[in-house]
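*Asks:* Protein chains in written order, with this note's numbering: chain A, 1 to 227; chain B, 228 to 454.
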DNA sequence: GGTGGTAGGTTGCCAATGCAACGAAAATGG
DNA sequence: CCATTTTCGTTGCATTGGCAACCTACCACC
């Protein structure tokens, strides 16, 4: 039984949920919490939009994407899920909520599904690692929340220029001039909910005006517009 | 000691954090968790942008607003906090995170500040109500998360018409035609990050085109545009 | 080296929408 | 019940940005 989890120990170790937990303790927890292993072929649906989920998932192998269908029927990318990422966590932790996205495996994948109840309820052995895991999870919730929150800052700016500057500020590391974004242009445009060509145009304009400089996905803010 | 909390029992009772907990048990919890009462005059700052907070707050009296300063120095409203609302919860539950907003009392107010550590750590008495409170809080986290998530759906629509329709769908209750929004026009425009007059214009247009009907903040979707 | 594919810059066009200003209607306060 | 304030709709104007089409540079693969 424990064997199957061992194969994926690397994924578990990089999962923020298990920060500060030894590999052996992780294995103990997985057994104690009655986690299940599910496997998916490339293209297979892991969770459908509208479905109700009571287990949190950890992607232990492969890659997946959360797609959202808008009212016009267009599908667009809501999130990428890589090895070691947690998914469906806030969904399972909520009360009887429908999944707002469809999660699809983009490679052959495996996921570890952990019943939310067994995360929440202390196991009989009262293992104190259990507490740390819950605490880690809650921190992950907080991070996900503030990630959305800061995206909203970008989205509520009324002009492309302001959206870009807000985005750059968000990714600026203290003391560093270079800002490296984790997007290509199309990803950046999607994140900001604007047209790719309009973004390109505006970036050029901002470079001409001397507000920013950039090369591929590395940016520098030259001129503080305001504070 | 317990006296001071009694004055605010109504606020605690409507706080989702204490769902299913009796008033007496709430009082026990507040003492056990070393909660503190803080009072603020109208206009006083409760939390400053950039501050780090380790206690979650419950507004037990008055009213407050979370204001955000954008890069141009404009302040805008990020959230309203009424009696019985929890605030700074995801902030305190995160790790060492700076508050992204400034919280200001808009009336003379009182807040109960509960150290996050004492929510997370089981008290020595191992009171099982403690678990329910934590579970309630996590559900509240989930709700706040999905609230943001669905706002992003509205914000990422490229046209005002789509933003409006997405918003209406979000507030539509199953089986009811009338959709009542908790905004005035200006609030609605802010939520959707568009100009108020542009919203008014578009609403009129949509009424003319027979897509929706409305009266004040009550709306009806007449024509399904798509699915 | 050639070839096909992809990412990203450019541009023209025009509809969408931000902005400002105004007026009407409704709500509030005395 | 009147006066004041607030909310909401309307409109003209200038700007913005979505869309489509095209081009270039770069990369991978043969």
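Quick reminder that beta carbons are idealized off the backbone N, C-alpha and C, glycines included.
None of these values were measured; they are calculated from a predicted model.
Ignore the nearest five residues each way along the sequence and tell me which others in residue 305 of chain B's own chain have a CB closer than 6 Å to its CB.
*Replies:* Here the question's residue 305 of chain B lines up with position 78 in the second chain. Answer for residue 305 of chain B: 293, 295, 328, listed in chain order.
*Asks:* Would you kindly report the start and end of the unbroken beta strand (DSSP E) that includes residue 446 of chain B?
*Replies:* In the second chain, the residue the question calls residue 446 of chain B occupies position 219. It spans 445-448 - the beta strand (DSSP E) in which residue 446 of chain B sits, taken as one unbroken run.
*Asks:* What distance in whole Å lies between the Cβ atoms of residue 284 of chain B and residue 242 of chain B, which are believed to be in contact at a cut-off of 8 Å?
*Replies:* Position 15 of the second chain, counting from 1, holds the residue named residue 242 of chain B. Position 57 of the second chain, counting from 1, holds the residue named residue 284 of chain B. Not a contact, Cβ separation roughly 11 Å.
*Asks:* To the nearest angstrom, report how far apart residue 395 of chain B and residue 448 of chain B are at their CA atoms.
*Replies:* In the second chain, counting from the first residue as 1, residue 395 of chain B sits at position 168. In the second chain, counting from the first residue as 1, residue 448 of chain B sits at position 221. Spanning the two alpha carbons is a distance of roughly 8 Å.
*Asks:* If the criterion is Cβ atoms closer than 7 Å, does the pair residue 346 of chain B and residue 273 of chain B meet it?
*Replies:* Position 119 of the second chain, counted from the first residue, corresponds to residue 346 of chain B. Position 46 of the second chain, counted from the first residue, corresponds to residue 273 of chain B. No, they are not a contact pair.
*Asks:* Please tell me whether residue 54 of chain A has its Cβ less than 7 Å away from any Cβ of chain B.
*Replies:* Against the first chain, residue 54 of chain A aligns to sequence position 54. Residue 54 of chain A does not count as touching chain B.
*Asks:* Could you tell me whether any Cβ in chain A is nearer than 7 Å to the Cβ of residue 250 of chain B?
*Replies:* Position 23 of the second chain, counted from the start, is the residue given in the question as residue 250 of chain B. No, no contact with chain A.
*Asks:* Using CA atoms only, rank isn't needed, just tell me which of A/162, A/133, A/173, A/191 is closest to residue 379 of chain B.
*Replies:* Within the second chain, residue 379 of chain B is the residue found at index 152, counting from 1. If we check each option's Cα against that of residue 379 of chain B, A/191 comes out closest.
*Asks:* Spatial neighbours of residue 444 of chain B within its chain, please: C-beta separation below 6 Å, excluding the five flanking residues on both sides.
*Replies:* Taking the second chain and counting its residues from 1, the one referred to as residue 444 of chain B is at position 217. Closer than 6 Å at Cβ, skipping near neighbours: 408.
*Asks:* Quick check on residue 106 of chain A - is its C-beta less than 7 Å from some C-beta in chain B?
*Replies:* Stepping through the first chain from its first residue, residue 106 of chain A is reached at position 106. Chain B, which has no Cβ nearer than 7 Å to the Cβ of residue 106 of chain A, makes this no.
*Asks:* Does the count of Cβ pairs from the segment 258-273 of chain B and the segment 369-377 of chain B closer than 8 Å reach three?
*Replies:* As far as the Cβ criterion goes, the segment 258-273 of chain B does not touch the segment 369-377 of chain B, which means the pair count is below three.
*Asks:* Between residue 269 of chain B and residue 334 of chain B, how many whole angstroms is the CB-CB distance? I'm expecting something under 8 Å.
*Replies:* As a working note, residue 269 of chain B is residue 42 in the second chain. As a working note, residue 334 of chain B is residue 107 in the second chain. That pair is a contact at about 5 Å.
*Asks:* Are residue 332 of chain B and residue 289 of chain B closer than 7 Å when you measure CB to CB?
*Replies:* Along the second chain, one-based indexing puts residue 332 of chain B at 105. Along the second chain, one-based indexing puts residue 289 of chain B at 62. Yes, Cβ-Cβ distance for residue 332 of chain B and residue 289 of chain B is below 7 Å.
*Asks:* Between which two residues does the beta strand (DSSP E) holding residue 292 of chain B run?
*Replies:* Reading the second chain from its first residue, position 65 is the one you call residue 292 of chain B. First-last of the beta strand (DSSP E) with residue 292 of chain B: 291-296.
*Asks:* By how many angstroms is the C-alpha of residue 30 of chain A removed from the C-alpha of residue 309 of chain B?
*Replies:* Along the second chain, one-based indexing puts residue 309 of chain B at 82. Along the first chain, one-based indexing puts residue 30 of chain A at 30. C-alpha separation (whole angstroms): 41 Å.
*Asks:* Buried or exposed for residue 411 of chain B, going by 16 or more other Cβ atoms inside 10 Å?
*Replies:* As a first step, residue 411 of chain B is located in the second chain; it is residue number 184 there, counting from the start. Result: exposed.
*Asks:* Compare the C-beta of residue 420 of chain B against all C-beta atoms of chain A and say whether one is closer than 7 Å.
*Replies:* If you number the second chain from 1, residue 420 of chain B lands on position 193. With 7 Å as the cut-off, residue 420 of chain B counts as an interface residue toward chain A.
*Asks:* Which residue comes first and which comes last in the alpha helix (DSSP H) that contains residue 113 of chain A?
*Replies:* In the first chain, the residue the question calls residue 113 of chain A occupies position 113. Here residue 113 of chain A belongs to no alpha helix (DSSP H); instead the beta strand (DSSP E) covers 109-115.
*Asks:* Does any residue of chain B bring its CB to less than 7 Å from the CB of residue 58 of chain A?
*Replies:* By one-based count along the first chain, residue 58 of chain A stands at place 58. Not one chain B Cβ lies under 7 Å of residue 58 of chain A.
*Asks:* DSSP puts residue 441 of chain B in a beta bridge; with which residues?
*Replies:* In the second chain, counting from the first residue as 1, residue 441 of chain B sits at position 214. Residue 441 of chain B is bridged to B/446.
*Asks:* Where do the N-terminal and C-terminal ends of the alpha helix (DSSP H) with residue 237 of chain B fall, by residue?
*Replies:* Reading the second chain from its first residue, position 10 is the one you call residue 237 of chain B. From DSSP, the alpha helix (DSSP H) with residue 237 of chain B extends over 236-240.
*Asks:* Comparing alpha-carbon positions, which option in A/176, A/96, A/219, A/195 lies nearest residue 55 of chain A?
*Replies:* Position 55 of the first chain holds residue 55 of chain A. It is A/96.
*Asks:* Quick check on the DSSP output: what are the complete beta strand (DSSP E) runs of length 3 or more inside the segment 258-288 of chain B, in order along the chain?
*Replies:* Counting whole runs of 3 or more residues, the segment 258-288 of chain B contains the beta strand (DSSP E) stretches 263-267, 272-274, 282-288.
*Asks:* Give the straight-line distance between the Cα atoms of residue 247 of chain B and residue 311 of chain B, rounded to the nearest whole angstrom.
*Replies:* Within the second chain, residue 247 of chain B is the residue found at index 20, counting from 1. Within the second chain, residue 311 of chain B is the residue found at index 84, counting from 1. Cα-Cα distance, rounded: 15 Å.
*Asks:* I'd like the span of the alpha helix (DSSP H) that includes residue 383 of chain B, first residue to last.
*Replies:* Here residue 383 of chain B is taken as the residue at index 156 of the second chain, counted from 1. Residues 355-383.
*Asks:* Could you tell me whether the Cβ atoms of residue 156 of chain A and residue 420 of chain B are closer together than 7 Å?
*Replies:* Here the question's residue 156 of chain A lines up with position 156 in the first chain. Here the question's residue 420 of chain B lines up with position 193 in the second chain. Yes, they are a contact pair.
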